[in-house]
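Q: The structure follows.
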């Protein structure tokens with residue numbers, strides 16, 4: 478039996494292929510949107526895993542440094558270290574800020590860590606680890622910085638001594654690692670004018686600047702400019718210990734919140750990325766509806782353009798299902814072309830995006846199923862039109 | 023004499039109901055024998071097309087009986103698929119315009135009918151080529167429809183109508199768009215095929231050029247037919 482769909486498509490191949498390519502670009506955008514979400518989740522997971530921590534200890538009643546402000550004393554690690562099952566601890570700070578290199582500004586998350594302890598970058602792709610106590614940095618390659626670059630964080634200049642990769646936040650900002658003390662200072666460091674202003678205010682406060690209490694003014698001033706806080710303490714548990722049990726112990730005895738790395742991933746994916754995921758999900762729904770509408774319109778137009786032929790086909794005895802199959806096959810063909818074009822396009826343009834786009838085979842498979850379902854739905858309107866054609870129309874009159 | 027291929031008895035077709043109802047056919051009687059080519063002529067609105075649609079099993083008559091090849095159509099228990107099979111296997115249609123399927127080539131247009139009837143592709147194509155050869159268009163068998171001339175398209179349309187060797191062919195103004203010479207050629211072809219295959223052919227026409235070629239003519243006026251003898255002018 479002649480395949481009517483193939484013959485019909487062959488007749489208007491150019492228009493059909495162009496429609497398929499157009500649909501493909503839409504599918505490509507859909508796949509890319511899914512890739513953005515996957516990339517966000519993957520970045521978050523990579524960041525957490527590369528920190529090398531089994532437990533994240535943060536301020537009580539908070540969800541940790543990535544979800545909401547968390548502040549704990551930088552000596553809290555001592556009491557945590559003393560708990561059974563804790564092998565190693567490391568203080569970390571995180572601060573999103575603009576990092577300057579010459580005239581160029583890069584938005585980055587500056588992480589303070591203690592070299593040799595949990596929280597340091599897991600691997601380097603160039604350069605060396607931080608070896609000095611101050612003013613050395615390791616940057617993620619996505620920041621655009623190179624080994625040897627001089628970058629400015631607040632008032633201080635740092636030398637980039639090493640580069641790492643895939644160390645970005647769920648928001649796509651590259652990480653820059655600096656020594657903890659520098660990071661603590663950077664969090665509270667004010668410019669000279671602000672410091673002078675603060676000193677003047679304190680000096681004018683009679684409750685603090687008391688003539689009979691020498692040294693009080695200096696002590697308060699010192700307290701206000703020094704930072705003895707970190708955002709989290711990372712814990713590595715001893716071999717044979719369960720991270721969940723150790724985290725429960727920390728919560729029970731230290732009045733701190735403790736998340737296992739799996740829980741922290743859940744916090745990131747379920748809380749921080751949730752809104753972005755919903756937004757992307759809505760975009761996906763809109764794109765799917767637009768795709769269905771486009772395919773439906775094209776299939777409807779193609780069907781409406783051959784009503785006379787359909788009437789003749791019916792008159793000479795063609796079954797309705799043969800005609801419906803022709804329309805359905807044409808719609809599915811568009812879906813298949815669209816899928817391959819879309820997948821290829823997404824792979825082609827993904828590296829150009831500033832953020833990490835993760836294209837998973839299972840997402841591609843979902844897109845194929847979705848495209849074919851959408852095309853099947855879209856063909857229904859054309860099939861309905863064709864089935865309503867009266868064979869008597871071929872005779873006219 | 024052989025049994026008529028087409029018999030119409032007191033055929034009535036009424037459109038609508040009540041006082042606004044229009045009776046397009048008011049008791050048509052007609053019989054056409056195998057191998058016969060008859061003309062059906064009449065002014066516009068006389069009921070020609072309605073009659074053709076009833077004969078073509080696409081609309082159901084209000085009253086009366088249609089017998090095609092000894093079988094009464096629209097009898098009790100007839101289903102859509104029966105009508106479809108009837109149109110596919112036993113009736114050939116030729117239209118004023120060729121109405122070929124533009125996305126199929128000439129052979130495929132003709133072979134489609136035997137294929138729809140369940141014949142193997144190779145058999146259907148062989149049949150198509152055979153009949154295209156009979157109509158002197160075999161050399162255009164692989165051509166796209168848009169590449170054929172008007173005359174060639176009409177021949178392919180005739181070939182399609184005859185592809186399943188139907189006992190009945192209904193031709194609706196088949197020569198209207200053609201000049202005299204081509205119109206007479208089409209009539210020659212129809213007469214030859216009627217003679218060769220024993221097909222009963224009804225030609226609805228207004229065309230003064232071909233009316234003298236019929237031996238029998240049915241005049242249809244106000245929904246009724248009157249039979250008269252035609253000139254039967256020779257075509258060869």
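Protein chains in written order, with our numbering: chain A, 478 to 874; chain B, 23 to 258. Using N, Cα and C, we set each Cβ at its ideal position, and we do this for glycine too. Being a predicted model, the structure only gives us computed values, none of them experimental.
Please report whether the beta-carbon of residue 865 of chain A lies at a distance below 9 Å from any beta-carbon of chain B.
A: No, its Cβ sits nowhere closer than 9 Å to a Cβ of chain B.
Q: Since residue 88 of chain B and residue 76 of chain B should fall inside the 8 Å C-beta cutoff, what is the C-beta to C-beta distance between them, to a whole number of angstroms?
A: Yes, residue 88 of chain B and residue 76 of chain B are in contact; Cβ-Cβ is about 6 Å, under 8 Å.
Q: Give a yes or no on contact between the stretch 851–860 of chain A and the stretch 523–543 of chain A, applying the rule of three or more CB pairs nearer than 8 Å.
A: Flag = no, the stretch 851–860 of chain A and the stretch 523–543 of chain A do not touch.
Q: Taking a contact to mean a Cβ-Cβ separation below 9 Å, would you say residue 54 of chain B touches residue 28 of chain B in this structure?
A: For residue 54 of chain B and residue 28 of chain B, yes; Cβs fall inside 9 Å.
Q: Out of A:547, A:556, A:526, A:633, state which residue places its alpha-carbon closest to the alpha-carbon of residue 598 of chain A.
A: Of the listed residues, the one whose Cα sits closest to residue 598 of chain A is A:526.
Q: Do you know how far the Cα of residue 823 of chain A is from the Cα of residue 766 of chain A?
A: Residue 766 of chain A and residue 823 of chain A: Cα-Cα distance of roughly 19 Å.
Q: Any chance you could list the beta strand (DSSP E) runs of at least 3 consecutive residues sitting entirely within the stretch 117–142 of chain B, in chain order?
A: Runs of the beta strand (DSSP E) inside the stretch 117–142 of chain B: none found.
Q: From B:82, B:26, B:91, pick the residue whose C-alpha is nearest to that of residue 869 of chain A; which is it?
A: Out of B:82, B:26, B:91, B:82 has the C-alpha closest to the C-alpha of residue 869 of chain A.
Q: May I have the straight-line CA-CA distance separating residue 209 of chain B from residue 198 of chain B, to the nearest angstrom?
A: Spanning the two alpha carbons is a distance of roughly 12 Å.
Q: Please go through the same chain and pick out, in chain order, the residues whose beta-carbon is closer than 8 Å to the beta-carbon of residue 634 of chain A, but skip the five residues on each side of it.
A: The answer, listed in chain order, is 612, 627, 628.
Q: Taking 9 Å as the cut-off, decide whether the C-beta atoms of residue 71 of chain B and residue 226 of chain B are in contact.
A: The answer is yes: Cβ separation under 9 Å.
Q: Between which two residues does the alpha helix (DSSP H) harbouring residue 161 of chain B extend?
A: Premise fails: residue 161 of chain B is in no alpha helix (DSSP H) and is neither H nor E.
Q: With a CB to CB cut of under 7 Å and the five nearest residues on each side skipped, what residues in its chain are close to residue 253 of chain B?
A: The answer, listed in chain order, is 234.
Q: Can you check DSSP and say which residues form a bridge with residue 590 of chain A?
A: Residue 590 of chain A pairs with A:656.
Q: Alpha carbon to alpha carbon, what distance is there between residue 194 of chain B and residue 170 of chain B?
A: Cα to Cα, the separation comes out at about 21 Å.
Q: So, helix, strand or coil for residue 787 of chain A, using DSSP?
A: Helix, per DSSP.
Q: In chain order, what residues of the same chain lie with their CB nearer than 6 Å to the CB of residue 222 of chain B, ignoring the 5 residues before and after it?
A: If we look at residue 222 of chain B and ignore the five residues flanking it on each side, its Cβ neighbours are 27, 28, 54, 56, 58, 190.
Q: Give every residue of the same chain whose Cβ lies closer than 8 Å to the Cβ of residue 44 of chain B, excluding the five residues on either side of it in the sequence, and list them in chain order.
A: Cβ neighbours of residue 44 of chain B beyond the five flanking positions: 36, 37, 38.
Q: Along the chain, where does the beta strand (DSSP E) containing residue 194 of chain B start, and where does it finish?
A: Looking at the DSSP string, the run of the beta strand (DSSP E) that includes residue 194 of chain B is 190–194.
Q: Going by other Cβ atoms of all chains shown within 10 Å of its Cβ, with 16 needed for buried, is residue 780 of chain A buried or exposed?
A: Under this definition residue 780 of chain A is a buried residue.
Q: What does residue 121 of chain B reach in chain A if we use C-beta pairs closer than 8 Å?
A: Within chain A, the residues near residue 121 of chain B are 785, 786, 789, 871.
Q: Select from the stretch 51–62 of chain B all residues with a C-beta closer than 7 Å to any C-beta belonging to chain A, and list them in chain order.
A: Going along the stretch 51–62 of chain B in chain order, one finds no residue with a Cβ nearer than 7 Å to chain A.
Q: Under 9 Å, Cβ to Cβ, is there at least one residue of chain B near residue 479 of chain A?
A: Judged by the 9 Å Cβ criterion, residue 479 of chain A is in contact with chain B.
Q: Are residue 866 of chain A and residue 123 of chain B touching if we call contact CB-CB under 9 Å?
A: No. Outside cutoff.
Q: May I have the straight-line CA-CA distance separating residue 664 of chain A from residue 848 of chain A, to the nearest angstrom?
A: Going from the Cα of residue 664 of chain A to the Cα of residue 848 of chain A covers about 49 Å.
Q: Could you check if residue 696 of chain A is buried or exposed, using at least 16 other CB atoms within 10 Å of its CB as the buried criterion?
A: Result: exposed.
Q: State the DSSP-derived secondary structure class of residue 52 of chain B, mapped to helix, strand or coil.
A: Strand at residue 52 of chain B.
Q: For residue 204 of chain B versus residue 135 of chain B, is the C-beta distance shorter than 9 Å?
A: Cβ atoms of residue 204 of chain B and residue 135 of chain B: not closer than 9 Å.
Q: Is there at least one Cβ from chain A nearer than 9 Å to residue 199 of chain B's Cβ?
A: By this cut-off, residue 199 of chain B is not an interface position.
Q: Within 9 Å of any Cβ in chain A, is that where the Cβ of residue 78 of chain B sits?
A: It does; some Cβ of chain A falls within 9 Å.
Q: Quick one: give me the first and last residue of the beta strand (DSSP E) that residue 82 of chain B is part of.
A: Careful: residue 82 of chain B lies outside any beta strand (DSSP E) and carries neither H nor E.
Q: At a cut of 8 Å, does the stretch 719–729 of chain A reach the stretch 573–589 of chain A through at least three beta carbon pairs?
A: They do not touch, by the three-pair rule.
Q: Would DSSP call residue 859 of chain A helix, strand or coil?
A: Residue 859 of chain A: helix per DSSP, three-state reduction.
Q: Hey, could you find the ends of the alpha helix (DSSP H) residue 730 of chain A is sitting in?
A: Start and end: 720–731.
Q: Beta-carbon within less than 6 Å of residue 125 of chain B's beta-carbon, same chain only, minus the 5 sequence neighbours each way: which residues are those?
A: Counting only Cβ-Cβ distances below 6 Å, and skipping sequence neighbours, we find nothing.
Q: Give a yes or no on contact between the stretch 565–573 of chain A and the stretch 647–663 of chain A, applying the rule of three or more CB pairs nearer than 8 Å.
A: Cβ pair count under 8 Å is three or more, so yes.
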